[in-house]
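The structure under discussion appears below in the form of structure tokens.
Protein chains: 2
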Amino acid sequence: MNIENAQVQMRKGILEFCILHIISRGEVYASDMLDELTSARMMVVEGTLYPLLTRLKNSGWLDYKWVESSSGPPRKYYVLTEEGKIFLDAMQETWFELADSVQAVIHRTEELSKGDTSKTS
Amino acid sequence: MNIENAQVQMRKGILEFCILHIISRGEVYASDMLDELTSARMMVVEGTLYPLLTRLKNSGWLDYKWVESSSGPPRKYYVLTEEGKIFLDAMQETWFELADSVQAVIHRTEELSKGDTSKTS
DNA sequence: CATAGTACCTTGCATAGCAAAGTACCTGTG
DNA sequence: CACAGGTACTTTGCTATGCAAGGTACTATG
């Protein structure tokens, strides 16, 4: 395992939450999501995104409709279902809790490194 | 897939970072880590922790020594290697970037839901 | 028809969380 | 010594999922 791989691992799981957020704003198709995620430095690729959208659809959190494009093949525009909105809320709460938990761990490390010199063996 | 499963997914990857943080404070053994992570609501179990510690050890970021216990079998006390400290720094930077990225996505959703009523179909 | 561009989908592999079962060490009791 | 109970570390087998790579399909242009 290397550092890059570990950094990728860290992003896993968060991705699903971000995608739901983007879809919650209104109808979007895959390329829209890729653009937004890329500009937020989340680095996603098609091979990740499409299976993920299919999973979310099969779980009942997304729905989509085909819309013809003026330049190219038709696109799948996704929207959140009512269940999906509930799910997104739960995910957002989990995110804030997780961020809190991590912050608590970081904070505790900083606290201990101030007063405690026992680890300078 | 259900909500609980998705919440678990979100925690993945972050765990490794938190464990490195805890070890960075000084010598600890597995039960210490489980206590701290549980109190930070990270919900880890042995079947996750031990293989993870072994991976980190094999990657050269941790080292350990056996210490005899006054009550029970000997314990593996882990410490960060020099490489591990560099790795932890990189992970911490990734964490802050990731938190920023997620915050940006959340923020953008909030912005768009203020001025844009097109999604109230 | 051929080519190029766009968009969606699938296959196969590697990683990693986790439940559950297993191994090993220490102490106390009889 | 035998046995039971507690603690700690390890392994197996299953499953989920990210992702590289390759595939399918539609449209426009000449």
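Heads up: the protein sequence lines correspond to chains A and B, in order.
Under the numbering used here, the first residue of the first sequence is numbered 1, with each subsequent residue one higher.
Under the numbering used here, the first residue of the second sequence is numbered 122, with each subsequent residue one higher.
We treat Cβ as the ideally placed atom computed from N, Cα and C, and that holds for glycine.
If we require 4 or more residues per run, which alpha helix (DSSP H) segments fall completely within the stretch 155 to 205 of chain B? Within the stretch 155 to 205 of chain B, the complete alpha helix (DSSP H) runs of at least 4 residues are 167 to 179.
Are the stretch 51 to 69 of chain A and the stretch 96 to 112 of chain A in contact at 8 Å, needing three or more beta carbon pairs? The answer is no - the stretch 96 to 112 of chain A does not touch the stretch 51 to 69 of chain A, with fewer than three Cβ pairs under 8 Å.
Below 8 Å CB to CB, which residues in the same chain sit around S69 of chain A once its five sequence neighbours on both sides are set aside? The sequence position of residue 69 of chain A within the first sequence is 69, counting from 1. Excluding sequence positions up to five before and after S69 of chain A, its CB lies within less than 8 Å of the CB of R75, all in the same chain and listed in chain order.
Count the other C-beta atoms from every protein chain shown that fall within 10 angstroms of the C-beta of S101 of chain A, then say buried if there are 16 or more, exposed otherwise. Here residue 101 of chain A refers to the residue found at position 101 of the first sequence. The residue is buried, with at least 16 neighbouring Cβ atoms inside 10 Å.
Would you tell me roughly how many angstroms separate the C-alpha atoms of L98 of chain A and E137 of chain B, rounded to the nearest one? One-based indexing of the first sequence puts residue 98 of chain A at position 98. One-based indexing of the second sequence puts residue 137 of chain B at position 16. Approximately 13 Å between the Cα atoms of the pair.
Residues in its own chain within less than 6 Å of H142 of chain B by CB, not counting five upstream and five downstream? The count along the second sequence starts at 1 and reaches residue 142 of chain B at position 21. Cβ within range, chain order: n/a, list empty.
For A40 of chain A and chain B, any beta-carbon pair shorter than 8 Å? Your numbering for residue 40 of chain A matches position 40 in the first sequence. Interface with chain B (8 Å Cβ-Cβ cutoff): A40 of chain A is included.
Based on the DSSP secondary-structure assignment, which residues constitute the bridge partners of V28 of chain A? Against the first sequence, residue 28 of chain A aligns to sequence position 28. Looking at the DSSP assignment, V28 of chain A forms a beta bridge with A:Y78.
Let me make sure I understand the geometry here. Which of B:Y150, B:E157 and B:S152 has the alpha-carbon closest to that of C139 of chain B? By 1-based counting over the second sequence, the position of residue 139 of chain B is 18. When C-alpha distances from C139 of chain B are compared across B:Y150, B:E157 and B:S152, the shortest belongs to B:E157.
Going along chain A in order, which residues have a C-beta closer than 9 Å to the C-beta of S222 of chain B? Here the question's residue 222 of chain B lines up with position 101 in the second sequence. What S222 of chain B touches in chain A, judged by beta-carbon distance under 9 Å, is R11, I14, C18, L37, A40, R41 and M42, going in chain order.
Which residue wins for smallest C-alpha separation from L49 of chain A, given the options A:A104, A:M91 and A:I14? The count along the first sequence starts at 1 and reaches residue 49 of chain A at position 49. Nearest C-alpha to L49 of chain A among A:A104, A:M91 and A:I14: A:I14.
To the nearest angstrom, report how far apart P51 of chain A and Y77 of chain A are at their CA atoms. Within the first sequence, numbered from 1, the residue matching residue 51 of chain A stands at position 51. Within the first sequence, numbered from 1, the residue matching residue 77 of chain A stands at position 77. Spanning the two alpha carbons is a distance of roughly 15 Å.
Closest by C-alpha distance to A225 of chain B, when choosing among A:L34, A:S39, A:D32 and A:K57: The count along the second sequence starts at 1 and reaches residue 225 of chain B at position 104. Measuring from the Cα of A225 of chain B, the nearest candidate turns out to be A:S39.
Contact list for T109 of chain A against chain B, beta-carbon separation under 9 Å: For the purposes of this step, residue 109 of chain A is taken as residue 109 along the first sequence, with counting starting at 1. Close partners of T109 of chain A in chain B (Cβ separation under 9 Å): H142, I143, S145 and R146.
Contacting residues, own chain, Cβ-Cβ under 7 Å from M33 of chain A (five flanking each side not counted): Taking the first sequence and counting its residues from 1, one reaches residue 33 of chain A at position 33. The answer, listed in chain order, is I19, I22 and L49.
Taking Cβ positions only, does E97 of chain A come closer than 8 Å to chain B? Numbered from its first residue, the first sequence carries residue 97 of chain A at position 97. At least one chain B Cβ lies under 8 Å of E97 of chain A.
For L201 of chain B and S145 of chain B, which I take to be in contact (beta-carbon distance under 8 Å), what is that distance rounded to the nearest angstrom? In the second sequence, the residue the question calls residue 201 of chain B occupies position 80. In the second sequence, the residue the question calls residue 145 of chain B occupies position 24. Indeed, because the Cβ distance is near 5 Å, the residues count as touching under 8 Å.
Looking at D35 of chain A and the ligand FAD, is the gap between the Cβ and the nearest heavy atom below 7 Å? Because no ligand of any kind appears in the structure shown, any question about the ligand FAD cannot be addressed here.
Kindly say whether A151 of chain B, judged by its beta-carbon, lies nearer than 8 Å to any beta-carbon of chain A. Your numbering for residue 151 of chain B matches position 30 in the second sequence. A151 of chain B does not count as touching chain A.
In angstroms, rounded to a whole number, what distance separates the CA positions of E167 of chain B and G181 of chain B? Position 46 of the second sequence, counted from the start, is the residue given in the question as residue 167 of chain B. Position 60 of the second sequence, counted from the start, is the residue given in the question as residue 181 of chain B. Our two residues, E167 of chain B and G181 of chain B, have alpha carbons roughly 21 Å apart in a direct line.
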